[in-house]
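Protein chains in written order, with my numbering: chain A, 306 to 565; chain B, 54 to 272; chain C, 6 to 221.
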């Protein structure tokens, strides 16, 4: 399936014909340890996919393969029809303009204000500067509920606010897919809600989301599909209703009961 | 009874002023170029190709294990043997840049290597190129972290520049020597020069601690 | 003009290098002793000592070593003391080393957590006993690497003694370069000899530092 070069700013559309992410036979080893043991997955545009599972099951590694932070040893990985080329820096940069990532530890740039954090990449990569850039950044910050924090520094914000800035920063690049790697795990419980609200709004607007999460209620409500990973494989998958209420495999049953 | 005559030395204040100005200028130029060289070397060692990283390591070890005066004499007296003849001023700047560059390389490298991995991953995930990640995400906080050490090293190089007077560079120690050769007030000349160096060291530290946050790493 | 072989040059430089080594050791050991005294004065909280030592350190760290050498060489004769370049250089470098070493060691002592002092005091140890049996040994462990590293600075500092006429490696190099009209070769040899003196010391200091951080 040939991909046509997506234009900057194209909004993700519900297009069942071409999956946004296609993975076949993905394997990833760290030294002797095999973390991904053959992953097959297709994600459609506009789909919200939640990945759940124990630590060490390979969830984060899978996510990090999709934007090239990890390189798999075997397998076919395509985003918007294009194969990943880990050895080609240009190609990887082009990929990362289409795939955004939000991290567990936010990773905001401490030496830049909130506004500059959001503006840095669009300025350097897409040449977006000046008043138009500023407006865009303010719009995005308003979208995550932080319009008044444009000139604040990251260390002046709470964890929840920092994470929302991180979301605005990733959105500034107009990605087709957002990867969320346990984005609320490092937050105090009372701050989790504000971040999940933003993510839910993104899902409603039709953003393609892959989320590694422990927030089961959230996954149930928002996800179109849930993947349960176990020992490096996708052990079970299906709509949240089915997975949470009728777990078929003992591993998933055990996982869900341990959550209480 | 010790007969000291500071007046004879202080009367030569235009020469002393000239010397102070030249030392200050020499230091500032060398500091800018030297730190830039140090940053380039730090990048080469952390992220550059193997051969280059090794070359930089050799350069750093060579400079750090030989005295500055020998480096200066080699450049000013030794290079003409290869046909490269430099003026005293040019030789002084070159020697100071090469010297500071080696120390700055190590200092900045320590700063760069202490960058949390998440910062680099965030930059990379935003489709920034490696150069952009280094310049915009890694370097400013790294410089902020190592600024005190870098400032100290620049002050050390400034104090070391006193030796440049030996090859007739018209900086402060040169004029101190000149003054004492005229009025035979060696002790007084050197006391005055020493105090001027001390004042320069204090002023330089203040200036750099003000300039760094303002221009280099925005805090 | 006489033809000089490379060996002639190297041989003469090696002879002069003995003086570099001698001066370095004297300054380092002498500086260490003075520095230790200053450290005890500072840490022992003798009235006014902390301020005086701090001032002393600032003076030596904030002024060029070259000026310190000049002052030693030209200052003492004013007091009627006849001084040779050797004595002036030894004196100036010893004081210079003492200032830096006492500062390095102060840092090491201050790196010891306050709890150690408090525990030692609570056991009714006198100040001297606290230093000797509790703080000292721990500070010593931290101090070895930077102290060894400073020896390199002292060796490099001896090169400046050439300016006041003391015949060590650098001065010999200048004289030989003038005699042989081969400054490139001569200064290259001089640099190489300093490198051979200093690099092993630097490498040793780094190894000590690594061993220390692994052992913690």
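C-beta: ideal position from N, C-alpha, C; glycine also.
Source: prediction; values computed, not measured.
Contacts of residue i in chain B (Cβ-Cβ under 7 angstroms)
i                      : result
residue 534 of chain A : Near residue 534 of chain A there are no residues of chain B at all, since even the closest Cβ is about 21 angstroms away, more than 7 angstroms.
residue 398 of chain A : 180 and 182
residue 192 of chain C : 123, 126, 127, 130 and 131
For residue j and residue i, believed in contact at Cβ under 8 angstroms, the rounded distance
i                      : j                      : result
residue 76 of chain B  : residue 214 of chain B : 6 angstroms
residue 152 of chain C : residue 109 of chain C : 6 angstroms
residue 363 of chain A : residue 537 of chain A : 5 angstroms
residue 218 of chain C : residue 157 of chain C : Not confirmed; about 20 angstroms, so no contact.
residue 165 of chain B : residue 95 of chain B  : 5 angstroms
residue 473 of chain A : residue 500 of chain A : Not really, about 12 angstroms apart at Cβ, beyond 8 angstroms.
residue 274 of chain B : residue 216 of chain B : In the structure as shown, chain B starts at 54 and stops at 272, and residue 274 of chain B therefore has no counterpart that could be examined.
residue 212 of chain B : residue 69 of chain C  : 4 angstroms
Contacts that residue i makes with chain A (C-beta to C-beta distance below 9 angstroms)
i                      : result
residue 171 of chain B : 408, 409, 410, 411 and 412
residue 267 of chain B : Residues of chain A passing the Cβ test: none, with the nearest at roughly 13 angstroms.
residue 174 of chain B : 369, 374, 406, 408 and 412
Among the options, the one whose alpha carbon lies nearest that of residue i
i                      : options                       : result
residue 328 of chain A : A:338, A:348, A:521 and A:354 : A:348
residue 93 of chain C  : C:102, C:106 and C:79         : C:79
residue 515 of chain A : A:339, A:370 and A:417        : A:370
residue 382 of chain A : A:562, A:513, A:479 and A:343 : A:343
residue 63 of chain C  : B:205, B:228 and B:266        : B:205
residue 190 of chain B : B:179, B:200 and B:199        : B:179
residue 465 of chain A : A:480, A:510, A:506 and A:409 : A:409
residue 85 of chain B  : B:241, B:245 and B:152        : B:152
residue 18 of chain C  : C:190, C:213, C:46 and C:72   : C:190
residue 405 of chain A : A:497, A:384 and A:388        : A:384
residue 535 of chain A : A:502, A:424 and A:555        : A:555
residue 335 of chain A : A:326, A:508, A:361 and A:323 : A:361
residue 65 of chain B  : B:245, B:266, B:265 and B:138 : B:245
residue 200 of chain C : B:227, B:232 and B:124        : B:124
residue 352 of chain A : A:389, A:507, A:446 and A:439 : A:507
residue 193 of chain C : B:126, B:260, B:201 and B:226 : B:126
Check whether residue i and residue j have beta carbons under 8 angstroms apart
i                      : j                      : result
residue 574 of chain A : residue 462 of chain A : With chain A covering only 306 through 565, there is no way to say anything about residue 574 of chain A.
residue 210 of chain B : residue 254 of chain B : no
residue 276 of chain A : residue 422 of chain A : Since the displayed chain A opens at 306 and closes at 565, residue 276 of chain A lies outside it and no answer follows.
residue 518 of chain A : residue 487 of chain A : yes
residue 367 of chain A : residue 356 of chain A : yes
residue 491 of chain A : residue 513 of chain A : no
residue 30 of chain B  : residue 97 of chain B  : Outside the displayed span of chain B (54 to 272) sits residue 30 of chain B, for which this structure offers no information.
residue 546 of chain A : residue 552 of chain A : no
residue 529 of chain A : residue 326 of chain A : no
residue 99 of chain B  : residue 170 of chain B : no
residue 251 of chain B : residue 56 of chain C  : no
residue 155 of chain B : residue 203 of chain B : no
residue 163 of chain C : residue 28 of chain C  : yes
residue 74 of chain C  : residue 166 of chain C : yes
residue 49 of chain C  : residue 106 of chain C : no
residue 172 of chain C : residue 12 of chain C  : no
residue 100 of chain C : residue 240 of chain B : no
residue 128 of chain B : residue 147 of chain B : yes
residue 396 of chain A : residue 478 of chain A : no
residue 468 of chain A : residue 560 of chain A : no
residue 238 of chain C : residue 174 of chain C : Chain C is shown only over 6 to 221; residue 238 of chain C falls outside these bounds and no answer can be derived.
residue 111 of chain C : residue 44 of chain C  : yes
Under 7 angstroms from the C-beta of residue i: neighbouring residues of chain C
i                      : result
residue 219 of chain B : 168
residue 114 of chain B : 204
residue 243 of chain B : 72, 75, 76 and 79
Contact list for residue i against chain A, beta-carbon separation under 7 angstroms
i                      : result
residue 190 of chain B : 414
Residues that residue i contacts on chain C, provided the C-beta gap is smaller than 9 angstroms
i                      : result
residue 122 of chain B : 71, 161, 164, 165, 167, 168 and 175
residue 80 of chain B  : Neighbours of residue 80 of chain B on chain C: none; closest Cβ ~12 angstroms, over 9 angstroms.
residue 108 of chain B : Per Cβ cutoff of 9 angstroms: no residues; residue 108 of chain B is ~16 angstroms from chain C at best.
Neighbour list for residue i in chain B, Cβ cutoff strictly below 9 angstroms
i                      : result
residue 157 of chain C : 117 and 118
residue 401 of chain A : 177, 178, 179, 180 and 181
residue 207 of chain C : 114, 117 and 118
Listed by chain order, chain A residues near residue i by CB distance under 8 angstroms
i                      : result
residue 183 of chain B : 394
residue 197 of chain B : 416
Contact list for residue i against chain C, beta-carbon separation under 8 angstroms
i                     : result
residue 69 of chain B : What residue 69 of chain B touches in chain C: nothing, since even the nearest Cβ is about 13 angstroms away.
Any non-hydrogen atom of the ligand SAM within 7 angstroms of residue i CB
i                      : result
residue 466 of chain A : In the structure shown, the ligand SAM is absent, as is every other ligand, since no ligand is present at all.
Where residue i meets chain B, residues with beta-carbon distance less than 8 angstroms
i                      : result
residue 448 of chain A : Those within 8 angstroms of residue 448 of chain A in chain B number zero; the least Cβ separation is about 18 angstroms.
Run through the region 214 to 252 of chain B for me and flag every whole alpha helix (DSSP H) of 4 or more residues, listed as ranges in chain order. 225 to 236
Whole alpha helix (DSSP H) runs in the region 399 to 447 of chain A with 4 or more residues, listed along the chain? 419 to 431
At 3 residues or longer, what runs of the beta strand (DSSP E) sit wholly inside the region 92 to 148 of chain C? none
Quick check for students: name the residue ranges of the alpha helix (DSSP H) that lie wholly in the region 86 to 127 of chain B, counting only runs of 4 or more. If we require 4 residues or more, the alpha helix (DSSP H) runs fully inside the region 86 to 127 of chain B come out as 103 to 117 and 121 to 126.
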